[in-house]
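Here is the structure we will look at.
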Amino acid sequence: LTMPAAREKVVADLRAADQLELVEDRLIDLAHSDRSKSPIEPRLNDQWFVRMSDVDGKPGLAQQAMDAVTSGSVKIVPERYAKSYLDWLGEKRDWCISRQLWWGHRIPIWYCPDASEKELQQAFGKRDDVVYLRDEAGSGWLICSRDEDLADDAIAGRTITQDPDVLDTWFSSQLWPHSTLGWPEQTAELSYYYPTSVLSTSRDIISLWVARMDVAGLHNVGEVPFREVFIHPKILDGYGETMSKSKGNGVDPLDVIAKFGADALRYGLAYLTTETQDVRMPVEFECPHCQGHTEQTKENRILPSITCSHCKKPFSTQWADKPADKELPRAAVVSDRFELGRNFCNKLWNASRFALMNLEGFTPAAVSDADLLVEDRWVLSRLATVTDEVTAALAEFRFADATRSLYDFAWDEFCSFFLEMLKYRFNNPKLRPVAQRVLCHTLDTLLRLLHPFIPFLTEEVWQRLGEVAPERGLKKPATAAASVMIASWPESEPDRRNAEIESQFTAFQDVLRGLRDIRGRQNIPSKETVQFVVRCEDSLAALLKPMQPYFASMAGAQAAGWGPNVAAPTPSASFSLAGMEVFVDLADHIDVAAERAKNEKEREKLQGLITAKEKKLANESFTSRAPANVVQGERDALAELQARLAAVDLFLAELPDK
C-alpha cells in the first residue's frame, strides 16, 4: 500500500483490536523531493543488485577498483580524495542497480514462470547471447538477453514478460568510456583511445561515477578507463549554496560572455581553480534598461520578475515562466569575478597592438648573447622561469598557479616594464632590430603559454603576428605554425635563466614603484625631474647603477648618490625596501605649509598612541598577569611608534621656514 493508505489501515486494525489509545496530529521533519515537492518515505521493494564483494577468495569488483588506485594505475588529484574513493569501495556493499522510473535502459531480464527446461533449450540453446536460470524466489525462469530484446512469444507456446525496472543511471554511465568506442567489439577506436589520460570531474560523484567506471573498465575491458582523475572545485553562489536552475541561483555562461567575453570567462574560471574545493561566486542581475546591478538574494532569485534597484523599472529573471513576465526584457545574471579576466585580456590586447605596430620592418635573424642588452637578458630569463612554472603547474593540475604566474609576468613585467624599456630602442636604427627580435620571440612564447586559458585572443594575435613576422626565433628563425592551436608547447631554455639579473630587476622594479608613488603623492608634474639617493650596500648599488637610464625614462628620476654613506637630502620623502633606503629630494617640489600641517597632525596622532601604550605598560596589573609574549608585543609596538615619531620630528626639523 502507499504510505497514506497504509497509515489508515494500521489505525483501523488497531481500533478493531481495541488497542488504539490515541490519534493526534504531529509536526515532523519530513524530507520532500526537490522536483515533485512530494514527501520522501521508505518503501520496501524487490531490487536487482550487483555483487561487489570478493568471490571464492578472489578479488571482487570493489577490490579490483581499489587496487587500481593503491597501485598507482589511477592517480587521483588532489590526493586527499583518494580516501573518499577507497573508503566507499572498502565497504564492498552490493550495488542496487534497478530503478522504478519511466525512462532509462530496461533491465534485460525476462520472466517465464511455466516453461520447462527443454522448451528453453529448444528456444535458446543455440544462442550464446542468451542465458537462463531458475529463479530461487520461485517465479520460474529468469532469462537474460545480451544483444537484443526478446519477443513475448520467444518460447513457443509460452509468454515471457520483461522486468519493468530500468538500470540505475550510474550503471549505464559507468560504461561510457568503452561503450562509446564500440565495445564489446575490438574496434580501432577502442584500441587507440582506451584508456584515456585524464578525467576531470566533481567530488560529488567520486563514488557514483569515478569508482564505477573503474569497476566496469576493469571487468569488461581488463584495463582502467583513465590514468588520472582531477577533482575540480565546485562553484557555489554567494550564500554557499550549489547553483541550480530549480533554485534560480545559476549563472548562464552566455550572459558572462556577453558582458565580459569568452576568454574572460575561461580565464576567470581557471583563476578560481585552486585546491580549495568550494568557490563562492556572488551573482547579480544586470538591468536590461540601465545596466545597473541588483543583488541577487535568496528571496528575489526565484521571482519571475523584479524591479531594478537603480532605475526602478521591472525586468524578468532568466527563470521567468509566466506569459506576462516573458513580455519584460530579461536581465542577465552575472558575477564581477570575471572582471579580472576581462581587464587582463584588454591589457594583453593593447600591449600586443603596441608590439605589432613596432614590429614594422621586422627581419628574422639569429641573435647572439653579445647582442642582448640587460632588459633583453632579464625578460628572457623571466620567460624561461615562467615557462617552467606554467608547464609544471599544468602537469599537476594547478590551474590557478599557472594563471597567476602568467598574469604577473604578462601584466607586471612584459607590459609594464619590458615594453616601456624598449620604446627608446625602437627609435634607434642600430638598436631596433635586436629589440624587435626579442620582442617577437617573447610575444610568440607568451601567446603559446596563454592559449589554454584565452584561446580566442591568442589566436587573433597569433594571426596578426604571422603577418608581420612569419619567421621568428632567436637561435634559428623558422616559419611559425599556421595556428597557435597546433604550435608546439614552449620549451624552457635553462641557459637563459640568470638569477643575478632577475635580482637586479626585482630591486629596480621596487625602487621605480616607490619613486612613482612619491611623485603621485606629491603631485610632481611629469615634466619635472626629481633627484634621489639610495642608501644601501655597495653590492646592491652595483646592481642598481646600470639601471639609471631607465629611472630617468620611466620615472623622470635622476640618481644623485648610491652606497652605504650617502646623506639624505633636506627636505625629502623616503621609503624603505629590503636592504636599502631611498630618499627623494623634495626641495623644489614640496608645498612646505601643507607638509608641515600634515606631519604635525601625524605627530599628534602618534603622540596619543604612544601615551596610551606607555600607560598600559605602566600598569603592573597588565604586565604581571598578561602572557609574556603579549607584553613583549606591546613593548615592540611602542618602540615602533617611537621610531615613527622620531622620523616625523626629523622631517619637521628639516623643513625650510617657507
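For the sequence shown, this note's numbering gives the first residue as 606, with consecutive numbering after it. Using N, Cα and C, we set each Cβ at its ideal position, and we do this for glycine too. In this text the structure is predicted, and so the values were computed from the model without any measurement.
{"Asked": "Asp1100 (DSSP reduced to helix, strand or coil)", "Found": "helix"}
{"Asked": "Per-residue DSSP class, three states only, for Cys1045", "Found": "helix"}
{"Asked": "Gln1136, DSSP secondary structure in three states", "Found": "strand"}
{"Asked": "Complete runs of the alpha helix (DSSP H) confined to the region 1004-1078 [at least 4 residues]", "Found": "1004-1012, 1024-1031, 1037-1055, 1060-1073"}
{"Asked": "DSSP three-state assignment for Gly845, whether helix, strand or coil", "Found": "coil"}
{"Asked": "The region 1075-1087 touching the region 962-974, judged by at least three CB pairs closer than 8 Å", "Found": "yes"}
{"Asked": "Gln882 vs Pro919 beta-carbon contact at 7 Å", "Found": "no"}
{"Asked": "Whole-angstrom C-beta distance between Ala1164 and Gln1153, which should lie under 8 Å", "Found": "6 Å"}
{"Asked": "Closest by C-alpha distance to Phe1188, when choosing among Asp1122, Trp1094, Leu1211, Ala821", "Found": "Asp1122"}
{"Asked": "Cβ neighbour criterion (16 or more within 10 Å) applied to Leu606", "Found": "exposed"}
{"Asked": "Contacting residues, own chain, Cβ-Cβ under 8 Å from Ser777 (five flanking each side not counted)", "Found": "Gly709, His710"}
{"Asked": "Leu1257 versus Ser1177 - alpha carbon distance", "Found": "11 Å"}
{"Asked": "Complete runs of the beta strand (DSSP E) confined to the region 676-746 [at least 3 residues]", "Found": "680-682, 714-717, 735-739"}
{"Asked": "Any beta strand (DSSP E) of 3 or more consecutive residues that is wholly inside the region 915-998", "Found": "919-921, 937-939"}
{"Asked": "Separation of Glu790 from Ala742, as counted between CA atoms", "Found": "35 Å"}
{"Asked": "Which residues DSSP lists as bridging Ser1181, in chain order", "Found": "Glu1186"}
{"Asked": "Proximity below 7 Å, CB of Leu1250 to CB of Leu1191", "Found": "no"}
{"Asked": "Local Cβ density within 10 Å of Ser986, reported as buried at 16 or more and exposed below that", "Found": "buried"}
{"Asked": "Simplified DSSP state of Trp775, which is helix, strand or coil", "Found": "helix"}
{"Asked": "Start-end ranges of the beta strand (DSSP E) lying completely within the region 785-852, minimum 3 residues", "Found": "801-806, 831-836, 839-842"}
{"Asked": "Three-state secondary structure (DSSP) of Val861", "Found": "helix"}
{"Asked": "Alpha-carbon to alpha-carbon, Glu629 and Ala821", "Found": "51 Å"}
{"Asked": "Opposing strand residues paired with Ile748 [DSSP bridges]", "Found": "Trp715, Tyr737"}
{"Asked": "Collapsed DSSP secondary structure at Arg620 in the structure displayed", "Found": "helix"}
{"Asked": "C-beta atoms of Phe865 and Ala936 nearer than 7 Å", "Found": "no"}
{"Asked": "Sequence-distant residues of the same chain with beta carbon closer than 7 Å to Cys717, five excluded per side", "Found": "Gly745, Trp746, Ile748, Ile760, Arg763, Ile765"}
{"Asked": "Ala728 versus Glu626, Gln705, Ala756, residue with shortest Cα-Cα distance", "Found": "Ala756"}
{"Asked": "Any 3 or more C-beta pairs closer than 8 Å across the region 994-1006 and the region 1104-1124", "Found": "no"}
{"Asked": "Sequence-distant residues of the same chain with beta carbon closer than 6 Å to Phe1113, five excluded per side", "Found": "Met1152"}
{"Asked": "For His637: DSSP bridge partner residues", "Found": "Pro644"}
{"Asked": "Validate contact between the region 1086-1102 and the region 1033-1046 using beta carbons, cut 8 Å, 3 pairs", "Found": "no"}
{"Asked": "Proximal residues to Tyr1012 (C-beta, below 7 Å), its chain only, five neighbours per side dropped", "Found": "Phe949"}
{"Asked": "Residues near Ser750 in its chain [Cβ-Cβ closer than 8 Å; skip 5 each side]", "Found": "Pro713, Trp715, Asp734, Val735"}
{"Asked": "8 Å Cβ shell around Gly598 - same chain, five flanking residues per side excluded", "Found": "Here the chain has residues from 606 to 1263 only, and residue 598 is not among them."}
{"Asked": "Residue range of the unbroken alpha helix (DSSP H) whose run includes Ser910", "Found": "First-last for Ser910: 910-912, but that is the beta strand (DSSP E), not the alpha helix (DSSP H)."}
{"Asked": "Residues bridged to Cys1141 (per DSSP)", "Found": "Met1185"}
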